[in-house]
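Undergrad:
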Amino acid sequence: MNRPDVPPPAELFLGFAKASISGFGGVLPFARHMLVEDKKWLSEQEFTDLFSFSQFMPGANVVNLSVCVGSRFHGPLGAFAALMGMLVPPIIVILLLGAFYVEFGQTSLMQGLFRGLGAAAAGLVLGTALKMGRTLRGAMPILFAALAFAAIAWLRVPLILMLAVLAPLSIGYQWIRPR
Amino acid sequence: MNSGLLLNLISYFALLSLISFGGVSASLPEIHRYFVEQQHWMGSEEFARLFGIANAAPGPNMMVVGVLGYQVAGPAGAILSFVAMALPSSILAYYLGGIWQRFRDRPWRIATQAGLAPLTIGLLLASGYVLTLTADHGSWVAYAISGCTVLLFMATRIHPLWCLGAGALLGVFGWV
Numbered sequence: 001m002n003r004p005d006v007p008p009p010a011e012l013f014l015g016f017a018k019a020s021i022s023g024f025g026g027v028l029p030f031a032r033h034m035l036v037e038d039k040k041w042l043s044e045q046e047f048t049d050l051f052s053f054s055q056f057m058p059g060a061n062v063v064n065l066s067v068c069v070g071s072r073f074h075g076p077l078g079a080f081a082a083l084m085g086m087l088v089p090p091i092i093v094i095l096l097l098g099a100f101y102v103e104f105g106q107t108s109l110m111q112g113l114f115r116g117l118g119a120a121a122a123g124l125v126l127g128t129a130l131k132m133g134r135t136l137r138g139a140m141p142i143l144f145a146a147l148a149f150a151a152i153a154w155l156r157v158p159l160i161l162m163l164a165v166l167a168p169l170s171i172g173y174q175w176i177r178p179r
Numbered sequence: 180m181n182s183g184l185l186l187n188l189i190s191y192f193a194l195l196s197l198i199s200f201g202g203v204s205a206s207l208p209e210i211h212r213y214f215v216e217q218q219h220w221m222g223s224e225e226f227a228r229l230f231g232i233a234n235a236a237p238g239p240n241m242m243v244v245g246v247l248g249y250q251v252a253g254p255a256g257a258i259l260s261f262v263a264m265a266l267p268s269s270i271l272a273y274y275l276g277g278i279w280q281r282f283r284d285r286p287w288r289i290a291t292q293a294g295l296a297p298l299t300i301g302l303l304l305a306s307g308y309v310l311t312l313t314a315d316h317g318s319w320v321a322y323a324i325s326g327c328t329v330l331l332f333m334a335t336r337i338h339p340l341w342c343l344g345a346g347a348l349l350g351v352f353g354w355v
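Chains as they are written, first to last, in my numbering: chain A, 1 to 179; chain B, 180 to 355.
#1: Distance cutoff 8 Å, beta carbons only. Does N181/B sit that close to anything in chain A?
#2: Would the stretch 191 to 202 of chain B count as touching the stretch 280 to 299 of chain B if we require 3 or more Cβ pairs under 8 Å?
#3: Going along chain A, which residues have a C-beta under 9 Å from D284/B?
#4: Is any beta-carbon of chain A found at less than 8 Å from that of S190/B?
#5: The stretch 291 to 309 of chain B: which residues have C-beta closer than 7 Å to a C-beta of chain A, in chain order?
#6: Measure the C-alpha to C-alpha separation of C68/A and W319/B and round it to an integer number of angstroms.
#7: Within the same chain, show all residues whose beta-carbon is closer than 8 Å to that of L180/A, passing over the 5 residues directly before and after it, in chain order.
#8: Nearest by alpha-carbon distance to L184/B: which of L303/B, G253/B, S268/B and A293/B is it?
#9: Can you pull the chain A residues whose beta carbon is under 8 Å from the beta carbon of S223/B, in chain order?
#10: To the nearest angstrom, how far is the alpha carbon of M241/B from that of L197/B?
#11: Looking at chain A, is there any beta carbon in it that lies within less than 8 Å of the beta carbon of N240/B?
#12: In the stretch 46 to 61 of chain A, which residues sit with their C-beta less than 9 Å from some C-beta in chain B, listed in chain order?
#13: Taking just the CA atoms, how far does T135/A sit from G112/A?
#14: Counting only runs of 4+ residues fully inside the stretch 40 to 87 of chain A, write out the alpha helix (DSSP H) ranges in chain order.
#15: Can at least three beta-carbon pairs, one atom from the stretch 332 to 344 of chain B and one from the stretch 122 to 141 of chain A, be found at a separation below 8 Å?
#16: Starting from L295/B, trace the alpha helix (DSSP H) in both directions and tell me its first and last residue.
#17: Would the stretch 275 to 283 of chain B and the stretch 93 to 108 of chain A be scored as touching if the rule is three or more Cβ pairs under 8 Å?
#18: Leaving aside the five residues before and after M162/A along the sequence, list all residues of the same chain whose C-beta is less than 8 Å from its C-beta, in chain order.
#19: Using a beta-carbon distance cut-off of less than 8 Å, what residues from the stretch 107 to 129 of chain A approach chain D?
#20: Check the Cβ-Cβ distances between M1/A and every residue of chain B, and say whether any is below 8 Å.
#21: Taking 6 Å as the limit between beta carbons, can you name the residues of its chain near V157/A, skipping five residues before and five after?
#22: Give a yes or no on whether 8 Å exceeds the smallest Cβ distance from L185/B to chain A.
#23: Please compile the residues from chain B whose C-beta is within a distance smaller than 8 Å of the C-beta of F149/A.
#24: Tell me the DSSP secondary structure of F261/B in three-state form.
#25: With a Cβ-Cβ cutoff of 8 Å, do P239/B and M86/A count as a contact?
#26: Skipping 5 residues on each side, what residues in its chain have a beta carbon closer than 8 Å to that of N61/A?
#27: Flag this pair as yes or no: are the beta carbons of L343/B and L117/A separated by less than 8 Å?
#28: Rounded to the nearest angstrom, how far is the Cβ of G123/A from that of G326/B, given a contact under 8 Å?
#29: Do we get a CB-CB distance below 8 Å when we pair T335/B with the residues of chain A?
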């Protein structure tokens with residue numbers, strides 16, 4: 001484990017902590033920069049492979065990514081170090097924000113600020129979804145996406161119920177469809 | 180502190196952690212359904228405000244989970260909600276990561292990934308829709324901010340922080 005390209009757990013912790021705390025508007029670009037360009041712990045292709053898995057799994061994609069990168073270098077210890085790097089700074093920020101909101105959140109200035117932020121942040125989620133939606137190909141995948149949308153947005157079905165019904169159908173379709 | 184409340188938050192987020200395909204952003208309508216409609220812990224407007232704050236802070240998308248937990252049950256609620264949301268999916272990723280790479284060419288693996296992709300896109304779209312209606316309710320300026328953000332985000336490579344900053348500024352002037 002003395003190869004220079006294997007970062008020690010403390011380095012993993014610090015690297016992910018820095019990416020996490022820099023992540024205004026999303027951690028992903030900072031994590032990618034740190035892993036591929038700055039520290040060179042991963043090649044472009046390795047990053048893409050690990051990230052597509054992290055994206056596909058449930059949970060926050062950058063959190064999954066930190067676990068995969070950490071375990072790749074140091075097994076459970078590395079995964080734990082990288083995960084803590086990803087989680088500890090945000091927890092501190094959340095505690096500060098929560099206290100701030102309880103103390104000052106009710107002033108009209110702050111209420112206005114949060115309303116403006118909320119409107120822009122909602123637009124970012126919508127924009128991300130539309131960008132991803134442009135990659136959908138074929139009538140059936142579009143139908144499944146539309147059904148998932150309608151179940152959650154209009155029918156207000158609990159997430160677990162929607163997945164229990166649509167996931168087997170959508171995966172089953174991919175399984176039997178001619179290639 | 181009410182331990183029943185903390186247990187409620189932990190068990191809810193620990194389960195959500197394992198089914199939140201598409202990440203926390205895509206799960207926001209589900210969290211809204213639980214916090215606002217089922218448990219009545221807060222109103223829709225407060226949910227939208229807290230979502231706004233979480234987005235202004237540096238950190239992963241799941242910041243909003245900690246901020247909501249804080250509002251419901253204080254600092255302990257924030258930490259426990261955040262950890263409950265992060266840990267189960269991390270453990271799953273740890274154990275499945277190796278298996279997934281080993282079976283990358285198997286048909287069942289490809290079908291699973293291809294089958295879940297449209298559902299996560301539908302989920303994220305539902306999330307954007309619900310959040311926009313919730314955050315912008317009753318204000319055409321708010322709708323304009325969301326609309327401009329969507330257009331800028333899709334048509335340019337502008338950093339998202341500029342959109343958040345512009346929204347915050349308009350809000351501070353009391354125009355939203």
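Ideal Cβ positions, reconstructed from N, Cα and C, are used throughout, including at glycine.
TA: So, to answer that:
#1: no
#2: yes
#3: Simply none; closest approach about 13 Å.
#4: no
#5: T291, Q292, A293, G294, L295, P297, L298, I300, G301, L302, L303, L304, A305, S306, G307, Y308 and V309
#6: 44 Å
#7: Outside the displayed span of chain A (1 to 179) sits residue 180/A, for which this structure offers no information.
#8: G253/B
#9: Within chain A, no residue comes near S223/B; the closest Cβ sits about 11 Å away, beyond 8 Å.
#10: 14 Å
#11: yes
#12: D49, L50, S52, F53, S54, Q55, F56, M57, P58, G59, A60 and N61
#13: 36 Å
#14: 44 to 56
#15: yes
#16: P286 to D315
#17: no
#18: A148, A151 and I152
#19: You won't find chain D in this structure, because its protein chains are A and B.
#20: Per-residue confidence for M1/A stands at a pLDDT of 42, beneath the threshold of 50, marking its modelled position as unreliable; the derived number appears in the next sentence. Not closer than 8 Å to any Cβ of chain B, the Cβ of M1/A fails to qualify, so no.
#21: A151
#22: no
#23: G301, L302, L304, A305 and Y308
#24: helix
#25: yes
#26: L28, F51, S54 and Q55
#27: yes
#28: 7 Å
#29: no
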